[in-house]
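Chains S and Y supply the protein sequences, listed in that same order.
The first sequence begins at 1 in the working numbering and counts up by one.
The second sequence begins at 1001 in the working numbering and counts up by one.
The beta-carbon is built from N, C-alpha and C at its ideal position, and this holds for glycine as well.
Number of protein chains: 2
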Amino acid sequence: MRASDIGEFNLIDILRRLLGKGGGDLVCGAGDDAALFRGRDGGLWAYTTDAMVEGVHFDLSYTSWHSLGYRALAVNLSDLASMGGYGTSYALVALGLRGDVEVEAVEEMYRGMLECGEAFSCRVAGGDIVRSPGGLFVSVSLVGALEGDRYLARGNARPGELILATGFLGDSRLGMLWLAGGGDAAHPCALRHLYPRPRREEGRLALQLGATAAIDVSDGLLRDLGHICEESGVGAEIHLDDIPVSREARELAAALGTDPLQAALHGGEDYELLLTAAEDASEEMAERLPASVIGKVTEGSGVTVLDREGKRVEVSRSGYEHFGEE
Amino acid sequence: MRASDIGEFNLIDILRRLLGKGGGDLVCGAGDDAALFRGRDGGLWAYTTDAMVEGVHFDLSYTSWHSLGYRALAVNLSDLASMGGYGTSYALVALGLRGDVEVEAVEEMYRGMLECGEAFSCRVAGGDIVRSPGGLFVSVSLVGALEGDRYLARGNARPGELILATGFLGDSRLGMLWLAGGGDAAHPCALRHLYPRPRREEGRLALQLGATAAIDVSDGLLRDLGHICEESGVGAEIHLDDIPVSREARELAAALGTDPLQAALHGGEDYELLLTAAEDASEEMAERLPASVIGKVTEGSGVTVLDREGKRVEVSRSGYEHFGEE
C-alpha cells in the first residue's frame, strides 16, 4: 500500500500506534499539537515540529522570503499556543535549499523568522542547511516551557461544554486565493495568510480561565474540530451563523465570487484557536480573549453543522446543502 | 549571489551572524554541534537538528528503510554526545514523503528509529508528515538534558593540549563505497555506515575526565578538526601514523584499491568524537574511553598533517604528498 493511497491522517494513525502514547516523563507523545515532556525539576516542556515544502505548502510566486520565514515559525508557535501558551521558546531550522536560491533570499527568510520570534518570545537557536535539489523545504522545530503544570489537550472536551473560536476564520484561504490571482500582498486577508499570528496570549488566558481542550486551525474548522471530537470521544454541533467571518473576508469573497463560510469551514491556515469550556468559563473567555461561541460539545461523534433554524446542513468541500429539503 | 556559489559553510557563517551567538538563557546559539539553553531550574538542555535528503545524504538503492531511520536519529544523538553526553532526550521527526513510498517502508523506518532510541536513551515523541513530490527528506530534531552544568564546546581547545579520537576513522566511507558497488550490507564497514553508534558514554566520560573541546566526525577528520581550530583560534598537528584505522578498513580499502587513510581524513560520517584535553587528562581518556591520541593543539591556525618522520604532508581530497620533496 502506498502512502498516497491511505492519506496523511491514516499514515499518522499507523505511526502513532508504533510510537505509543507516551509514558513516564513523556507526558504526551504523538497525536496532539505538541508533545509534552517533563524536565528534571518536573516542569513541562512542549515540543513540536512542522515542515513546509515548496509547491505544497507555499508558492514563491506570491510568498515573499520574509513572509516564508515568519510563517514557518508562526505555525509552530501556534502549536505551542494551543497547548495553553508558553513562557520562553527555542527554535531550530532545518533548511533544504536548491543551489540556485539567492543568498540574500535566505537572509531575508531568516529576518522574517527573527521578526516573528521577537514578537512572540522565541529565540532562533540555529539549525542545519542541506542541499535539496528536488525543491525547497523549511522544517522548524520548537521547544517551549509551559508556565504551570496544566495544559490544553485535544482529548479533554466533554459533552455539554461550549466551543469557541478566537479571531476570524476563512481570511487566510481567501487571502491565498487573492494572492494566487495576482492580488496585492497588503490586503488584510493576504496579510493574514502571509503573517499568521500565533495566539500565545489567548492560549495562556484560555487555560487560566478554565478551557478544557484546544487545537489550532491549520486544516480548517471542520477537520480540526473533528480531531478534538475523535480524541475526546465526543461529537460537536456548530451554528453556521455564529462562525466568525470578518468584514474583509466577506467583501473579498464577494469580489472573488466565492462563499466566505466555505473558506471558514474548510480553508485552514488561520491559526486561530478552537477551544472548549464549561458554560460559565466560556462566557468569561468570550469576553476576555476575546472569542466567539460557535457551538457545543455533544455525546456521539462527528461535527454537525446547523443553520439559523437549527436544521442540519450537509457540508462538503464543494458546498453545503440542507438535509431533507427538495 | 547564489547559495551554490558560496557553499554550505559560508552560508552558515552569514546566517550565524544574523542569528547572533546567544545570550541570556540561550547559552550557546548557532555554531556548535548543538544549541544550549537553560530551563527554569537552571539545568542545561542541548538542542539540535539534522536533515537528510534522498540522493544527497542517502541512497535507497543500498540503504534499507530500517537503517535510514536508525541513522537519522543516530547522527542527531551524536551531536548531543559531542556536547558531553546527555541524560534523557526526546526526538521529533519531520518526514517529507513522495506519494509512491510504501506505507510498510515508512513503518520500517520508524522501527529503525525506535531501535536506535531504545539503545541510546531517546524517546521518539512524534513529528510531522508532509507531501514532498521532489524527493524524500527526514528532518530530526532532538532535545536532551545535560547532566551537569559543564559541556564540551568547539571553541575551548588550547595550545599544548592533545587531540584524541574515539574508535576508528574511515570505516563509514569505505563501507559506503562497498555498498555502492553492490557489496553485502553485513560487512563490518557497511554496518558502520548504515548503523553509526552515537558516542554517548564516551562524551559523558570525556567531560568527566577533563576534556575541553569536542566535535563529532560528520564531515571528515580534517574538516571537523578544522572547525575546532577556527572556533578556538588555534592550530592543530596530527600524525598520519596515529590515525586509528581498523583492520576491516585496511582490508576493504585494499580490496577496493583505495587508501584507508584518505577515507579516514576526508570520509566523514564516522560519528566518532574528536576531543582535546590537557596531557594528563588525555592519558586517562585514552585508556578509559578508549581513544587514540592523534596529535596536539598548537598556536596558529589550520590543521597540519605530519608523517612518521615528522615531515609535513600536503593532503588534498585527491591524495596527499610530501612537502619539499622532488
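Determine the burial state of A180(S): buried for a count of at least 16 other Cβ atoms within 10 Å of its Cβ, exposed for fewer.
-> Translated into the one-based positions of the first sequence, residue 180(S) becomes position 180. Classification of A180(S): exposed, given that the 10 Å Cβ count is below 16.
Measure the alpha-carbon distance for L222(S) versus L169(S) and round it to whole angstroms.
-> Indexing the first sequence from 1 puts residue 222(S) at position 222. Indexing the first sequence from 1 puts residue 169(S) at position 169. Rounded to whole angstroms, L222(S) to L169(S) spans 11 Å at the Cα level.
What residues from the stretch 135 to 156 of chain S come within 7 Å of chain Y, judged by C-beta to C-beta, listed N to C?
-> G135, F137, S139, S141, V143 and A145
8 Å CB neighbourhood of F323(S) in its chain, flanking five on each side removed = Your numbering for residue 323(S) matches position 323 in the first sequence. Low confidence applies here, because F323(S) scores a pLDDT of 46, under 50, leaving its location unreliable and the question unanswered by this model.
Taking one C-beta from the stretch 98 to 112 of chain S and one from the stretch 17 to 37 of chain S each time, how about it: are there three or more such pairs within less than 8 Å?
-> no
DSSP puts A1145(Y) in a beta bridge; with which residues?
-> Within the second sequence, numbered from 1, the residue matching residue 1145(Y) stands at position 145. In the DSSP output, where bridge partners are listed per residue, A1145(Y) has W1045(Y).
Counting only the same chain and skipping the five closest in sequence on each side, list residues whose C-beta sits under 6 Å from that of E1299(Y).
-> On the second sequence, residue 1299(Y) is found 299 positions in, with the first residue counted as 1. Once the five neighbours on either side are set aside, the close Cβ partners of E1299(Y) are P1159.
Listing by chain order, which chain Y residues have their CB less than 9 Å from the CB of V103(S)?
-> In the first sequence, residue 103(S) corresponds to position 103, counting from 1. Near V103(S) (Cβ distances below 9 Å), the residues of chain Y are M1001, R1002, A1003, D1005, I1006, N1010, L1011 and I1014.
Anything in chain Y within Cβ reach of R123(S), meaning under 7 Å, just list it in chain order.
-> For the purposes of this step, residue 123(S) is taken as residue 123 along the first sequence, with counting starting at 1. Those within 7 Å of R123(S) in chain Y are L1026.
Starting from the beta carbon of V75(S), find every residue of chain Y whose beta carbon is closer than 9 Å, and list them in chain order.
-> Locating residue 75(S) in the first sequence gives position 75, counting from the first residue. Those within 9 Å of V75(S) in chain Y number zero; the least Cβ separation is about 10 Å.
Same chain, Cβ closer than 6 Å to L209(S), five either side skipped, listed in chain order | Within the first sequence, the letter at position 209 stands for residue 209(S). So the qualifying residues of the chain are A281, E284 and M285.
Using the beta-carbon count (16 or more within 10 Å), is I1163(Y) buried or exposed?
-> Translated into positions along the second sequence, residue 1163(Y) becomes position 163. Classification for I1163(Y): buried.
Inter-residue spacing [alpha-carbon to alpha-carbon] between H193(S) and A206(S) = Here the question's residue 193(S) lines up with position 193 in the first sequence. Here the question's residue 206(S) lines up with position 206 in the first sequence. Cα to Cα, H193(S) sits roughly 24 Å from A206(S).
CB contact check: A277(S) to chain Y, cutoff 8 Å | Locating residue 277(S) in the first sequence gives position 277, counting from the first residue. Taking Cβ atoms only, chain Y never reaches closer than 8 Å to A277(S), which makes this a no.
Close beta carbons around P1188(Y), own chain, < 6 Å, minus the five adjacent residues each side | Here residue 1188(Y) is taken as the residue at index 188 of the second sequence, counted from 1. Hits under 6 Å: E1248.
Can you list, in chain order, the residues of its chain whose CB lies under 6 Å from that of A1214(Y), leaving out five sequence neighbours each side?
-> As a position in the second sequence, residue 1214(Y) is number 214, starting the count at 1. Answer for A1214(Y): S1082, L1152, L1273 and L1275, listed in chain order.
Would you mind working out which of W1178(Y), A1094(Y) and D1149(Y) sits nearest V1140(Y), comparing C-alpha positions?
-> As a first step, residue 1140(Y) must be located in the second sequence, where it is residue number 140. With distances taken between Cα atoms, V1140(Y) lies closest to A1094(Y).
Taking C-beta pairs closer than 7 Å, name the residues in chain S that E1118(Y) reaches, listed in chain order.
-> Taking the second sequence and counting its residues from 1, the one referred to as residue 1118(Y) is at position 118. Here the premise fails: no neighbours, minimum Cβ distance about 12 Å.
Would a check of beta-carbon distances place P1133(Y) closer than 8 Å to chain C?
-> The structure shown contains no chain C; its protein chains are S and Y.
How about the stretch 1245 to 1264 of chain Y and the stretch 1141 to 1148 of chain Y: do they share at least three Cβ pairs that are nearer than 8 Å?
-> no
Check whether Y90(S) and R38(S) have beta carbons under 8 Å apart = For the purposes of this step, residue 90(S) is identified with residue 90 of the first sequence, where counting begins at 1. For the purposes of this step, residue 38(S) is identified with residue 38 of the first sequence, where counting begins at 1. Taking 8 Å as the Cβ cut-off, Y90(S) and R38(S) do not qualify as a contacting pair.
In chain order, which beta strand (DSSP E) runs of at least 3 residues are fully inside the stretch 1006 to 1094 of chain Y?
-> 1026 to 1028, 1035 to 1038 and 1044 to 1053
What does DSSP give as the partner residues of H239(S) in its beta bridges?
-> The count along the first sequence starts at 1 and reaches residue 239(S) at position 239. L306(S), per the DSSP bridge assignment.
According to DSSP, residues forming a beta bridge with V130(S) | To locate residue 130(S), count along the first sequence from 1; it is residue 130. DSSP lists G96(S) as partners of V130(S).
For G295(S), I'd like the list of residues in its chain whose CB is within less than 8 Å of its CB, leaving aside the five on either flank, ordered along the chain.
-> Start at 1 with the first residue of the first sequence, and residue 295(S) comes out as number 295. Hits under 8 Å: L162, I163, A236, E237, I238, H239, D242 and L306.
Amino acids of chain S, ordered along the chain, whose beta-carbon sits closer than 7 Å to that of G1029(Y) = Counting from one through the second sequence, the residue named residue 1029(Y) turns up at place 29. Neighbours of G1029(Y) on chain S, chain order: A125 and G126.
Output the boundary residues of the beta strand (DSSP E) element that contains E1274(Y).
-> Sequence index remark: in the second sequence, residue 1274(Y) carries index 274 (1-based). A small correction: the amino acid at residue 1274(Y) is Leu; Glu does not occupy that position in the sequence shown. Here the beta strand (DSSP E) through L1274(Y) covers L1273 to A1277.
Taking Cβ positions only, does F1058(Y) come closer than 8 Å to chain S?
-> As a position in the second sequence, residue 1058(Y) is number 58, starting the count at 1. Not an interface residue.
Separation of F1009(Y) from L225(S), as counted between CA atoms | Here residue 225(S) corresponds to residue number 225 of the first sequence, with the count starting at 1. Here residue 1009(Y) corresponds to residue number 9 of the second sequence, with the count starting at 1. Distance between the alpha carbons of L225(S) and F1009(Y): 44 Å.
Would you give the residue range spanned by the beta strand (DSSP E) that L164(S) belongs to?
-> Taking the first residue of the first sequence as 1, we reach residue 164(S) at position 164. It spans L162 to T166 - the beta strand (DSSP E) in which L164(S) sits, taken as one unbroken run.
First and last residue of the uninterrupted alpha helix (DSSP H) at G203(S) = Indexing the first sequence from 1 puts residue 203(S) at position 203. Here the alpha helix (DSSP H) through G203(S) covers R200 to Q208.
Taking Cβ positions, are D1025(Y) and T88(S) nearer each other than 8 Å?
-> Taking the first residue of the second sequence as position 1, residue 1025(Y) is located at position 25. Taking the first residue of the first sequence as position 1, residue 88(S) is located at position 88. Yes.
G1039(Y) at chain S interface by Cβ criterion, 8 Å = Within the second sequence, the letter at position 39 stands for residue 1039(Y). Yes, G1039(Y) counts as interfacial toward chain S.
Enumerate in chain order the residues of its own chain whose CB-to-CB distance from N1156(Y) is below 6 Å, with the five nearest sequence positions on each side excluded.
-> Taking the first residue of the second sequence as position 1, residue 1156(Y) is located at position 156. T1212 and A1213.
Roughly how many angstroms separate the alpha carbons of Q1262(Y) and G1175(Y), rounded to a whole number?
-> Taking the second sequence and counting its residues from 1, the one referred to as residue 1262(Y) is at position 262. Taking the second sequence and counting its residues from 1, the one referred to as residue 1175(Y) is at position 175. The alpha-carbon atoms of Q1262(Y) and G1175(Y) are separated by roughly 14 Å.
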